Amino acid sequence: MAVSVRQARVAFARFYKHRRAEVSGSFLIKSFPHHCRCSSNSSTTAWQKRSKHGEIDVDIGMRKLKITTGKYARFADGAAVVEFGGTAVLVTAVCSEKLSSSGFMPLTVDFRQKAAAAGRIPTNYLRREIGSTQHEILTSRMIDRSLRPLFPQGFCNETQLMCNLLSVDGDNNPDVLSINAASAALSLSSIPWNGPVGAVRVGLVNDEVIINPTRRQISESTLNLIVACIDQYKVVMLESSSDNILQQDLMRAIKRGVKETQLIIQAIKDLQKHHGCEKRQFTPPSVLEEDILEAIKSLSNLRIKEVFQDSSHDKISRDEAISVIRSDVLEKVKETYPDTEQGALVQSFGAICKEVFRNQILDTNTRCDGRGLTDVRDIRCQVNLFKPLHGSALFQRGQTQVFCTVAFDSLESAMKLDPASDIKDKNFMLHYEFPPYATNDTGRLSSIGRREIGHGDLAEKGLQAIIPEEYPFTIRLTSEVLESNGSSSMASICGGSLALMDAGVPIKEAVAGVAMGLVTRINEAKSNVIEDYRIMTDILGIEDYMGDMDFKLAGTKKGITALQADIKVSGLPLQIIAEAVQQAFIARQHILKIMDSTLSKPRENGRNNRPVTEKLEVPIANRNKFLGIGGYNLKKLRHVTGVTITPIDETTFQIFAPNQSAFEEAQEMIDNYLKEERVPELEFGAIYNVKIVEVRENGLMLQFNPKMQPAFLHVSQLDQRKVNHPSALGMEVGQEIAVKYFGRDPATGQIRLSRKVLYSPATSVIKNLGSKP
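Start counting the sequence shown at 56; every next residue gets the next number (the numbering used here).
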């Protein structure tokens, strides 16, 4: 059978297409070891495990939480979907085979809030998700803090968790679901991890503890607490904002939350038992030989101990002293053992420093700066630093120094939040800044880092509870860290509280914050049981770095407004949490007493340069005169005085002036706009002689008196007969006619007139307003 040239070309194109696919496919297998694992027997088994569908339900807070696997994203090392109500989150976990050279656990968590999940379209120019919002960053950080402590010591493989919001119903928040989905994904995967973790949100409505409350319940709740735990009722993460609740109510909510998480943990374990992959063989990084370690210890132990026992050292001198010891010791060890890797030597020296530092606290109850376990550093406060500012404060605690300022603006400047998160505008915001010079470093001042966003959000939560609910201004509180040696976010709360009072904001009470630390002695032979521990008040930067907990708490003299627990060991019992909360309460009383000695209550009238806001009532008849053509009067007023006027309803306007002098200048202009010369009062039902000043297609413009604005008479009110145009009746400009007055329209304020009613029997006497109408 003969084959045409065209048929031959088509056949060759098909062959070339399939051949190119085979070549590119084999190239992928050769190039990427991750895909190469899938071809082995063990990887095939893992693929079969990941492809097997499984699901389990848990009763949480009178509702069902469903965890499923084996349906979505099966190429990932681990994937799980958690559904609660109509909200569903998919989390994938992927781990690289290659070790990272960073020396720490390179865990990346990305939470993405998709507008499509809520049935919406993004409002930006491209109509798609761009970058990360503040809410996404804060949720990612919370998930990270819940999972990171449970990775094995020394595990340095790059691990990425991606949280994809599949659907959201507007009632159930996806953040807690993401923690549980991430926990399930890691547990089901082959990634080494000592989970699972369970998480719940806890609310407090009318003194009743509610688990995983809806959005409406959260708005009514005095507490918004997230608890993440492992089995044996151990806490790995806490985060909350609250309306100044009592300490005993907080502990009651934490205990209930811990209890509920155990149900989720058990469900994930059951799912892992039937659908989980075998964990990868993980070998901790090789440690130095015993003789090398002993050489480092013998050369450095006493010298390090002397530095940590010398309380005269500050942050910089202590770091310099340790750096000198490290350089000297490693140089001598390198001479004796020239083949030893420099990185391993540095890591071993750091481990020895950490051991000496922790043992000193555990054995002597004394810290490196000479303080006891419950002592707070020296505090100095100052307010009203610069006159042009609406409010300012400088808060110094040890070597941590924070400068806070308050700026007021109109409610139009309120922060417009992402509509996909269903959160309304807010007129109080705190912006936290941590420039490099605060720690004597250099760096780029470009985009805001995740750490700055997280610390600023925590400080804002700590102060939100004391901000008046109905305040006529938008408040921007900035906190710039000028010096940092630990607890800068808590210092921002203290300084921010003082700055708000200096600005005259009628806050309910002053708020202070303090960071609590922990050092533990763990028996690894007994399943990491904590044998001994010390809780430290107001921790330094080095105590945060070498310790096991950074527990930040903020509150007033009576209650707690915000907290965040960053736990670095694999879970803490409730006893330690309760002791830290109580110890922080005592420290807050001390800090607030010092703050009260500087400024005990808000300034009654604020500063002289604070903005002024008032409501203005404008009669509806004068609205057009007040606004001007196309709003010209208001635009001119803003240009000349800087004062903005915002309409509230038909007759009410909100005036915002940057200061009192601008307000007074604007008031004069407003008075001129609304100024009216004395004009005769019209009598309802009376007949007046008026003058035609303009002939229009649909009627006439009539003048009662030169001091009055012309009034409009519609063509339908000219004659008993139907008239299409005033000229049909011979109406001309300058002509005088008689009309009857029927008052003003209640909606528009316009004068209501009629001529045609005069052709019925007269009921009134004709009146003239002046000799020349």
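Just so it is clear, CB atoms sit at the ideal spot from N, CA and C, and this is done for glycine as well.
Just so we're clear, the structure is a prediction, and the values are computed from it rather than from any experiment.
Taking C-alpha atoms, which residue in Asn-744, Pro-713, Gln-709, Asn-414 lies nearest to Asp-696? Position 641 of the sequence shown, counted from the first residue, corresponds to residue 696. The question names Asp, but residue 696 in the sequence shown is Thr. Nearest C-alpha to Thr-696: Pro-713.
Buried/exposed call for Pro-684, threshold 16 Cβ in 10 Å: Counting from one through the sequence shown, the residue named residue 684 turns up at place 629. Per the sequence presented here, residue 684 reads as Ile, with Pro not at that position. By the 10 Å Cβ count, Ile-684 comes out exposed.
Which ranges would you report for the alpha helix (DSSP H) in the stretch 594 to 629 if only whole runs of at least 4 residues count? If we require 4 residues or more, the alpha helix (DSSP H) runs fully inside the stretch 594 to 629 come out as 596 to 601.
Are the CB atoms of Phe-718 and Tyr-796 nearer to each other than 9 Å? Position 663 of the sequence shown, counted from the first residue, corresponds to residue 718. Position 741 of the sequence shown, counted from the first residue, corresponds to residue 796. No, these two residues do not count as a Cβ contact at 9 Å.
In the DSSP assignment, find the unbroken alpha helix (DSSP H) run with Asp-726 in it and report its ends. Position 671 of the sequence shown holds residue 726. Element bounds for Asp-726: 715 to 729.
Looking at the secondary structure, which residues open and close the alpha helix (DSSP H) in which Phe-412 lies? By one-based count along the sequence shown, residue 412 stands at place 357. Per DSSP, Phe-412 is one residue of the alpha helix (DSSP H) stretching across 397 to 419.
Nearest residue (CA-CA) to Arg-200, options Ile-111, Gly-509, Glu-263: Translated into positions along the sequence shown, residue 200 becomes position 145. Nearest Cα to Arg-200 within the set Ile-111, Gly-509, Glu-263: Gly-509.
Using 9 Å as the threshold, is the C-beta distance between Val-113 and Leu-232 below it? Within the sequence shown, residue 113 is the residue found at index 58, counting from 1. Within the sequence shown, residue 232 is the residue found at index 177, counting from 1. Their beta carbons are not under 9 Å apart, which means Val-113 does not touch Leu-232 by this criterion.
Among the candidates Met-306, Pro-561, Ile-434, whose CA atom is the shortest distance from the CA of Ile-530? Taking the sequence shown and counting its residues from 1, the one referred to as residue 530 is at position 475. If we check each option's Cα against that of Ile-530, Pro-561 comes out closest.
Can you tell me where the alpha helix (DSSP H) with Arg-358 in it begins and where it stops? Walking along the sequence shown from the start, residue 358 turns up at place 303. 345 to 364 is the span of the alpha helix (DSSP H), which, as asked, contains Arg-358.
Is it true that the CB of Ala-639 sits closer than 9 Å to the CB of Phe-606? Here residue 606 corresponds to residue number 551 of the sequence shown, with the count starting at 1. Here residue 639 corresponds to residue number 584 of the sequence shown, with the count starting at 1. Contact flag set, yes.
Distance between beta carbons of Thr-460 and Ala-554, contact taken as under 8 Å: Within the sequence shown, the letter at position 499 stands for residue 554. Within the sequence shown, the letter at position 405 stands for residue 460. With a Cβ gap of about 6 Å, Ala-554 and Thr-460 count as contacting.
Backbone secondary structure at Lys-153 - three-state DSSP: What you label residue 153 is simply residue 98 of the sequence shown in a count that begins at 1. For Lys-153, the secondary structure class from DSSP, reduced to helix, strand or coil, is strand.
Identify, in the order they occur along the chain, each residue of the same chain with its Cβ nearer than 8 Å to the Cβ of Lys-389, setting aside the five sequence neighbours on each side. Here the question's residue 389 lines up with position 334 in the sequence shown. Excluding positions up to five away in sequence, the list reads Thr-395, Gln-397, Leu-400.
Could you please give me the residues that DSSP links to Met-763 through a beta bridge? Position 708 of the sequence shown, counted from the first residue, corresponds to residue 763. Residue pairing of Met-763 in beta bridges, as defined by DSSP: absent, with no partner found.
So the alpha helix (DSSP H) Met-197 belongs to, where does it begin and stop? To locate residue 197, count along the sequence shown from 1; it is residue 142. Going by DSSP, Met-197 is part of the alpha helix (DSSP H) stretching over 189 to 202.
Which of the three DSSP states is assigned to Phe-463 in this structure? Within the sequence shown, residue 463 is the residue found at index 408, counting from 1. Assigned with DSSP and collapsed to three states, Phe-463 falls in strand.
Using the three-state DSSP reduction, which class does Ala-57 fall into: helix, strand or coil? Counting from one through the sequence shown, the residue named residue 57 turns up at place 2. Low per-residue confidence applies at Ala-57: pLDDT is 45, beneath 50, and the placement is therefore not dependable enough to give any value.
Would you call the CB atoms of Leu-243 and Ala-322 closer than 9 Å? To locate residue 243, count along the sequence shown from 1; it is residue 188. To locate residue 322, count along the sequence shown from 1; it is residue 267. Here Leu-243 is not near Ala-322, since their CB atoms are 9 Å or more apart.
Determine the DSSP secondary structure at Arg-576, reduced to helix, strand or coil. Sequence index remark: in the sequence shown, residue 576 carries index 521 (1-based). Strand at Arg-576.
Per DSSP, the bridge partner or partners of Lys-795: Stepping through the sequence shown from its first residue, residue 795 is reached at position 740. Note: Lys-795 sits in a beta bridge opposite Ile-742, Ser-809.
Could you work out which residue in Ser-782, Lys-691, Ile-585, Ser-809 is closest to Phe-767 when comparing CA atoms only? For this step, residue 767 is matched to residue 712 along the sequence shown. Among Ser-782, Lys-691, Ile-585, Ser-809, the Cα nearest to that of Phe-767 is on Ser-809.
Looking only at its chain, what residues have a beta carbon closer than 6 Å to the beta carbon of Val-264, apart from the 5 residues adjacent to it on each side? As a first step, residue 264 is located in the sequence shown; it is residue number 209 there, counting from the start. Taken in chain order, the residues that qualify are Ala-308, Arg-311.
How far does the beta strand (DSSP E) with Thr-706 in it reach, from first residue to last? Residue 706 sits at position 651 when you count from the first residue of the sequence shown. No beta strand (DSSP E) contains Thr-706, which DSSP labels as neither H nor E.
Looking at the secondary structure, which residues open and close the beta strand (DSSP E) in which Thr-124 lies? What you label residue 124 is simply residue 69 of the sequence shown in a count that begins at 1. 118 to 124 is the span of the beta strand (DSSP E), which, as asked, contains Thr-124.
Name the DSSP beta bridge partners of Asp-165, please? Taking the sequence shown and counting its residues from 1, one reaches residue 165 at position 110. For Asp-165, which the question treats as bridged, DSSP gives the partners Met-217.
Cutting at 7 Å between CB atoms, please list the residues of its own chain near Val-411, excluding the five before and the five after it. Within the sequence shown, the letter at position 356 stands for residue 411. Correct list, in chain order: Asn-356, Ile-359, Lys-360, Phe-363.
CB-CB under 8 Å to Glu-659, same chain, minus the five flanking residues each way: which ones, in chain order? Here residue 659 refers to the residue found at position 604 when the sequence shown is read from its first residue. Gly-559.
What did DSSP end up calling Tyr-814 once you bin it into helix, strand or coil? For the purposes of this step, residue 814 is identified with residue 759 of the sequence shown, where counting begins at 1. Three-state result, Tyr-814: helix.
Any idea if Arg-183 is buried or exposed, counting beta-carbon neighbours within 10 angstroms, 16 or more meaning buried? Translated into the one-based positions of the sequence shown, residue 183 becomes position 128. A residue is called buried when at least 16 other Cβ atoms come within 10 angstroms of its Cβ; Arg-183 does not meet this threshold and is exposed.
Out of curiosity, what's the CA-to-CA distance linking Val-223 and Asn-261? Within the sequence shown, numbered from 1, the residue matching residue 223 stands at position 168. Within the sequence shown, numbered from 1, the residue matching residue 261 stands at position 206. Just so you know, the alpha carbons of Val-223 and Asn-261 end up roughly 27 Å apart.
Could you tell me which uninterrupted beta strand (DSSP E) segments, each at least 3 residues in length, are contained entirely in the stretch 523 to 552, listed from first to last along the chain? Counting only runs of 3 or more, we get 529 to 538.
DSSP three-state assignment for Asp-226, whether helix, strand or coil: Here residue 226 refers to the residue found at position 171 of the sequence shown. Secondary structure of Asp-226 (DSSP, three-state): coil.
Straight-line CA distance for Thr-413 to Tyr-492? As a position in the sequence shown, residue 413 is number 358, starting the count at 1. As a position in the sequence shown, residue 492 is number 437, starting the count at 1. Going by the sequence as given, residue 413 is Arg instead of Thr. Taking C-alpha positions only, Arg-413 is separated from Tyr-492 by approximately 29 Å.
Just to confirm my understanding: we take His-330, look at its own chain, exclude 5 residues before and 5 after, and list those with CB closer than 7 Å. What are they? Locating residue 330 in the sequence shown gives position 275, counting from the first residue. Lys-104, Lys-107, Gly-109, Thr-124, Gly-125, Leu-243, listed in sequence order.
According to DSSP, what are the bridge partners of Thr-429? Here residue 429 refers to the residue found at position 374 when the sequence shown is read from its first residue. Answer is none; Thr-429 lacks a bridge partner.
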